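Please read the structure below before turning to the comments.
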Amino acid sequence: MRLLFIFLLTHNVFGGFYCLKPEALGDAEQQAGIIWFLQQKPEIIEEAKAAELLAKIKEDTETVVLLTTGSSGVSFITENMDFLKNVKTIHTSHILDDKCKSLLGVVDVLAVPSYTVGCQENKGKTQILKTTGVSHLTILEQDLEALKKKLDITGSKFSLKIMGGDAPDEKGVIQFYSTAGVFSADSEALSDVMTISEGTTLLISNGPRTGLYGIDQKKNNSAHQDGKVDYVTKSYVASLKNYLAKNRSKKPKNITLKVIDFQFGKKGPSISDLFSLVKLTGGKVIVAADSTTTLSKAFDIFPGEVIVEVNTATNKTHLKHIKAEHNRYALVLGRMLRFCEIDLGESLPKTPVKEILNGNTSVAAREIAKTLKEVGSIELLADR
1447 MRLLFIFLLT
1457 HNVFGGFYCL
1467 KPEALGDAEQ
1477 QAGIIWFLQQ
1487 KPEIIEEAKA
1497 AELLAKIKED
1507 TETVVLLTTG
1517 SSGVSFITEN
1527 MDFLKNVKTI
1537 HTSHILDDKC
1547 KSLLGVVDVL
1557 AVPSYTVGCQ
1567 ENKGKTQILK
1577 TTGVSHLTIL
1587 EQDLEALKKK
1597 LDITGSKFSL
1607 KIMGGDAPDE
1617 KGVIQFYSTA
1627 GVFSADSEAL
1637 SDVMTISEGT
1647 TLLISNGPRT
1657 GLYGIDQKKN
1667 NSAHQDGKVD
1677 YVTKSYVASL
1687 KNYLAKNRSK
1697 KPKNITLKVI
1707 DFQFGKKGPS
1717 ISDLFSLVKL
1727 TGGKVIVAAD
1737 STTTLSKAFD
1747 IFPGEVIVEV
1757 NTATNKTHLK
1767 HIKAEHNRYA
1777 LVLGRMLRFC
1787 EIDLGESLPK
1797 TPVKEILNGN
1807 TSVAAREIAK
1817 TLKEVGSIEL
1827 LADR
């Protein structure tokens, strides 16, 4: 039997509020953003098998609230529907896919981004909460020198390039982010270097999906686990270096490149650290379009300033997300308009909407937390 973790967030007169620890990093980010809005900090109770978790919930005699996220949460709820019928259940996801739809009429609240819902209506007891983007938790540092010391990095101005990765489309078919196709390493590198100013350190951050599949489109099971930089990142950096070497007399000059290479089990700079460096020095943020969670973070922290790069792994849901956030934040979409057919509606307003919460978490997290308050009488921090 698989092991499950539970967090007890608070235990007031209404009973317990439990969270099932997600298996995926993006799902954990969603949950952390929601928890941040709650009065009590989470406290780990114990590691428990499914039966023990259910027993813990059963011990509460008052209203019990259960928050789940992602596919592991769907499985837990569907496997224990009869037992959880008297529990207030809230499930949050980055997409309304077929697995998520199986919870319609089962959970009390299903929280998903508005652009994934379409014409789907509430069903039975389930309220569909259409959120603005995806919830997350990103606490920004305020002391630049302390941050540079912590990361052992030098420089006075930082920009950030977040690379894409191989990702499934709506039908589960892998779309490959590679050096081939419309978005080659050379064209992407050239476009990126034109967006940054002189004297900038360009931080190049890859992720677990970058280079996950090889040029032959076969999965590389050792990617980001063998201490080696993946071939896609290598190709991109080589193209950057080649351009800068051939164009020393052209702007931008004095560009420093630093790869932030993701490796499983290796601690490195967090996305919060990288965003903080950019925010504190007024640099640029360039984000691949195929990561909904990362884009949501960037949109909330850099409203009106994010440069989105559509690549060969971008699917229709990603594009809907970009359009929804474009309408809200007036993004600088740059190269997307050249490589992708998408109707962005009206032209960019002169002043972007800056709907941001102290530079920390997301609008979506706030919306879900408020719903949790209504469902389970959970107190929220007034200043958040």
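Mind the numbering: the sequence shown is residues 1447 to 1830 in the working numbering, read in order.
We put the beta carbon where it would ideally sit given N, CA and C, even for glycine.
These figures come from a predicted structure and were not determined experimentally.
Annotation for Glu1755: the continuous beta strand (DSSP E) segment containing it runs Val1752 to Glu1755.
Under the 8 Å Cβ criterion, the stretch 1586-1598 counts as touching the stretch 1717-1737, having at least three qualifying pairs.
A distance below 8 Å between beta-carbons, with the five flanking residues on each side excluded, links Thr1572 to the following residues of its chain, in chain order: Leu1549, Leu1550, Gly1551, Val1552, Val1553, Asp1554, Val1555 and Leu1556. Pairing Asp1528 with Leu1500, the inter-Cα distance amounts to about 11 Å. Rounded to whole angstroms, the separation of the alpha carbons of Leu1690 and Thr1577 is 42 Å. Judged by DSSP secondary structure, Thr1641 falls outside any beta strand (DSSP E); it is assigned neither H nor E. Around the CB of Phe1710, fewer than 16 other CB atoms lie within 10 Å, so the residue is classed as exposed. Take the alpha-carbon of Leu1471 and the one of Gly1645: they are about 34 Å apart. DSSP, read as helix, strand or coil, puts Cys1565 in coil. Counting C-beta atoms within 10 angstroms of its own C-beta, Ala1810 has 16 or more neighbours from the protein chains shown and is therefore classed as buried.
Here Asp1707 is near Val1675, since their CB atoms are less than 7 Å apart.
Within the same chain, no residue comes within 6 Å of Lys1816 by CB-CB distance, once the 5 residues on both sides are set aside.
Within the same chain, and ignoring the five residues on either side of Ser1624 in sequence, the residues whose Cβ sits closer than 7 Å to its Cβ are Ile1661, Val1678 and Thr1758.
DSSP lists His1537 as the bridge partner or partners of Thr1514. By the C-beta criterion, the stretch 1650-1665 is judged to be in contact with the stretch 1600-1609, since at least 3 inter-stretch pairs fall below 8 Å. Taking C-alpha positions only, Pro1614 is separated from Thr1760 by approximately 9 Å. The continuous beta strand (DSSP E) containing Val1705 extends over residues Thr1702 to Ile1706. If you compare the alpha carbons of Ser1737, Phe1745, Asp1589 and Leu1575 with that of Val1731, the shortest gap goes to Phe1745. The C-alpha of Ile1536 lies about 8 Å from the C-alpha of Val1511. Relative to the Cα of Ser1742, the nearest Cα in the group Gln1566, Ile1481, Leu1575 and Gly1579 belongs to Gly1579. For Asn1700, the CB contacts under 7 Å within the same chain, skipping 5 residues up- and downstream, are Glu1644 and Gly1645 in chain order. The DSSP-derived three-state label of Ile1574 is strand. Beyond the five residues adjoining it in sequence on each side, Cys1546 comes within less than 6 Å, by CB distance, of Ser1539 in the same chain, given in chain order. Taking C-beta atoms under 8 Å as the contact rule, Ser1581 and Ile1768 fail to qualify, at a distance of about 18 Å.
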